[in-house]
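>
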Amino acid sequence: MTSLAIAAPTQLSVDAALSIAADGGNAVDATLGALLVDLVVNPGVVSPGAGAFITVEPVEGDAVTIDGYCAMPGLGRDRNRPISTRVASMEYGGGITTVVGHGSVAVPGVYAAVESTWERFGSLPWQRLFDGAIGVAADGYPVPDASSYYFQYSHLDAYGWQDESYRALHDEHGAVRSVIKHAHLSETLQRIAELGADDFYRGETARRIVDEMEAGNGLITERDLAEYQALDRIPIHVQVGDWAIATNPAPAVGGAAMAAMVRIAESLNAWESVEQMAEIQAAVLGYRQLMPAIDLEAEVAEFLDRSATGLHALTGSPSTIQLSAVGGDGLAVSVTASGGYGSGLIVPGTGMWMNNCLGEVELSPRGLFSVEPGSRLLSNMAPTVAKGPSGEVLAIGSPGASRITTAIMQVLGKLTALNETLSRA
Numbered sequence: 308m309t310s311l312a313i314a315a316p317t318q319l320s321v322d323a324a325l326s327i328a329a330d331g332g333n334a335v336d337a338t339l340g341a342l343l344v345d346l347v348v349n350p351g352v353v354s355p356g357a358g359a360f361i362t363v364e365p366v367e368g369d370a371v372t373i374d375g376y377c378a379m380p381g382l383g384r385d386r387n388r389p390i391s392t393r394v395a396s397m398e399y400g401g402g403i404t405t406v407v408g409h410g411s412v413a414v415p416g417v418y419a420a421v422e423s424t425w426e427r428f429g430s431l432p433w434q435r436l437f438d439g440a441i442g443v444a445a446d447g448y449p450v451p452d453a454s455s456y457y458f459q460y461s462h463l464d465a466y467g468w469q470d471e472s473y474r475a476l477h478d479e480h481g482a483v484r485s486v487i488k489h490a491h492l493s494e495t496l497q498r499i500a501e502l503g504a505d506d507f508y509r510g511e512t513a514r515r516i517v518d519e520m521e522a523g524n525g526l527i528t529e530r531d532l533a534e535y536q537a538l539d540r541i542p543i544h545v546q547v548g549d550w551a552i553a554t555n556p557a558p559a560v561g562g563a564a565m566a567a568m569v570r571i572a573e574s575l576n577a578w579e580s581v582e583q584m585a586e587i588q589a590a591v592l593g594y595r596q597l598m599p600a601i602d603l604e605a606e607v608a609e610f611l612d613r614s615a616t617g618l619h620a621l622t623g624s625p626s627t628i629q630l631s632a633v634g635g636d637g638l639a640v641s642v643t644a645s646g647g648y649g650s651g652l653i654v655p656g657t658g659m660w661m662n663n664c665l666g667e668v669e670l671s672p673r674g675l676f677s678v679e680p681g682s683r684l685l686s687n688m689a690p691t692v693a694k695g696p697s698g699e700v701l702a703i704g705s706p707g708a709s710r711i712t713t714a715i716m717q718v719l720g721k722l723t724a725l726n727e728t729l730s731r732a
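Quick note: the sequence shown, position 254, residue 561 per the working numbering, numbers continuous.
(1) Is the beta carbon of Ala337 sitting closer than 7 Å to the one on Leu311?
(2) Starting from the Cα of Ala475, find the closest Cα among Gly658, Asp322, Gly695 and give me that residue.
(3) Could you give the residue range of the beta strand (DSSP E) that holds Gln546?
(4) Taking buried to mean at least 16 other C-beta atoms within 10 Å of its own C-beta, is Arg683 buried or exposed?
(5) Assuming Ala413 is part of the alpha helix (DSSP H), what are its boundary residues?
(6) Determine the DSSP secondary structure at Trp550, reduced to helix, strand or coil.
(7) Would you kindly report the start and end of the unbroken beta strand (DSSP E) that includes Gln629?
(8) Between Asn663 and Ser396, is the Cβ-Cβ spacing less than 7 Å?
(9) Apply the 10 Å Cβ neighbour rule to Gln459 and answer buried if 16 or more other Cβ atoms are within range, or exposed otherwise.
(10) By the 10 Å Cβ neighbour count, where 16 or more other Cβ atoms means buried, how is His544 classified, buried or exposed?
(11) Within the region 471–504, note down every full alpha helix (DSSP H) run reaching 4 residues or more, in order along the chain.
(12) So, with DSSP's three-state summary, where would you put Glu792?
(13) Using alpha carbons as the reference points, say which of Glu426, Asn687, Ser697 lies closest to Ser557.
(14) Using 8 Å as the threshold, is the region 352–368 in touch with the region 636–656, meaning 3 or more CB pairs across them?
(15) Can you have a look at His489 and say buried or exposed, based on whether 16 or more other CB atoms are within 10 angstroms of its CB?
(16) From Phe437 to Leu575, what does the alpha carbon distance come to, in whole angstroms?
(17) I'd like to know whether the C-beta atoms of Pro414 and Ala378 end up nearer to each other than 7 Å.
(18) Quick one: grab the DSSP three-state call for Asp322.
(19) Pull up the distance between the alpha-carbon of Ile327 and that of Asn387, whole angstroms please.
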């Protein structure tokens, strides 16, 4: 059995990870298996049609971030064709407005990212990773608290417009089910387990997605799926004391924002001052004008250069899950995945709820459909790994939309600069 420490959203996913570790799987195998379970059992918070970033600290070699986030669809699509969307206004979180429907669905990247990560760092057979997810999809699962709370506000506006989605979520009396069992989902996952991620992007599952998008005036095309690839990215590196931290790089902005906060706090030795920490966080988040930038990588580079000079240089969604794991051999992996607020669409014949990453208004300052097809969408996610001076290895991240960066920054500071224990930090 592999020695493993893991933090994941549900007991079902932790159980899947421990089962994989008991079979000799390493930290990457265990985390990916847990992720596949969590994509199933956290409806509304994430979905099987999601995107993800995976940052790995290998036993030997440099850290890498695998970018499997959602991409802008529309490759080869007639731009004069109508796009079907609907606005969902909910009291969730003090009141939000999001866009759902076929036209809100971006190209999911999670299966490409899982496969790319497994090919390089996994040790067990590909099919073994899916056992837990196939099981919970076939047997059904209790709705977690976070999903249940979100559905109090979203079950009709976001998840009630499509008959198949409505029936999956509601019982015969119109109440949200306490246990959900998806028709066809276990078969879809079994097919991906047998055929690889290629099925999702070029096989039977891809065909079903494209057919539904064409019928419902969505944006995803056959080209979008066939040409999608998970991308290797060099993480942003930050030094805090004797700790070397690696986090999610551009075009995502979460890692850059977190790294900027850490750099400023380190340069000002501000870790013990609540007032200074709050000021740093407000300044970084307020400065983040890179969000609407055309060239995100250039803007992120300038942003980090400014942060290195201090605070003065910057002044002027239930929608994520996080999994972190470290193996006894020092292999560490941090995964953050998101499906936005959910499109409310189940692709018929697959059992897969799809994302609404195009409908997250707060992440689309230039307009919901302003990104070129094939481009990655904006994200706050920041899966992070770190190495300590005595060989310690850390995997960390956070859900929480705009709170992701501030949460990670505070824990890292307490652990690395103030030498607090991880649990206390």
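Glycine included, C-beta positions come from ideal geometry on N, C-alpha and C.
Put simply:
(1) Along the sequence shown, one-based indexing puts residue 337 at 30. Along the sequence shown, one-based indexing puts residue 311 at 4. In this structure, Leu311 lies closer than 7 Å to Ala337 by Cβ.
(2) For this step, residue 475 is matched to residue 168 along the sequence shown. For Ala475, the nearest C-alpha among the options comes from Gly658.
(3) Numbered from 1 along the sequence shown, position 239 holds the residue referred to as residue 546. Per DSSP, Gln546 belongs to the beta strand (DSSP E) from 543–547.
(4) On the sequence shown, residue 683 is found 376 positions in, with the first residue counted as 1. Burial of Arg683 is indicated by the presence of at least 16 other C-beta atoms within 10 angstroms of its C-beta.
(5) For the purposes of this step, residue 413 is taken as the residue at position 106 of the sequence shown. No alpha helix (DSSP H) contains Ala413, which DSSP labels as neither H nor E.
(6) As a position in the sequence shown, residue 550 is number 243, starting the count at 1. In this structure, DSSP gives Trp550 an extended state, which the three-state scheme calls strand.
(7) Residue mapping note: residue 629 aligns to position 322 of the sequence shown, counting from 1. Gln629: member of the beta strand (DSSP E) spanning 627–634, first to last residue.
(8) Numbered from 1 along the sequence shown, position 356 holds the residue referred to as residue 663. Numbered from 1 along the sequence shown, position 89 holds the residue referred to as residue 396. Not in contact: Asn663 and Ser396 (Cβ atoms no closer than 7 Å).
(9) In the sequence shown, residue 459 corresponds to position 152, counting from 1. Under this definition Gln459 is an exposed residue.
(10) Within the sequence shown, the letter at position 237 stands for residue 544. By the 10 Å Cβ count, His544 comes out exposed.
(11) Qualifying alpha helix (DSSP H) stretches, in chain order: 492–502.
(12) For residue 792 there is no data in the structure shown, the boundaries of the chain being 308 and 732.
(13) Counting from one through the sequence shown, the residue named residue 557 turns up at place 250. Correcting the residue type first, residue 557 is Ala in the shown sequence and not Ser. Minimum Cα distance to Ala557 is reached at Asn687.
(14) yes
(15) Numbered from 1 along the sequence shown, position 182 holds the residue referred to as residue 489. Classification for His489: buried.
(16) To locate residue 437, count along the sequence shown from 1; it is residue 130. To locate residue 575, count along the sequence shown from 1; it is residue 268. In a straight line, the C-alpha of Phe437 is about 47 Å away from that of Leu575.
(17) Numbered from 1 along the sequence shown, position 107 holds the residue referred to as residue 414. Numbered from 1 along the sequence shown, position 71 holds the residue referred to as residue 378. The amino acid occupying residue 414 in the given sequence is Val; Pro does not appear at that position. A contact, by the Cβ cut-off of 7 Å.
(18) In the sequence shown, residue 322 corresponds to position 15, counting from 1. The answer is helix: DSSP assigns Asp322 an H, G or I state.
(19) Position 20 of the sequence shown, counting from 1, holds the residue named residue 327. Position 80 of the sequence shown, counting from 1, holds the residue named residue 387. So the alpha carbons of these two residues sit roughly 49 Å apart.
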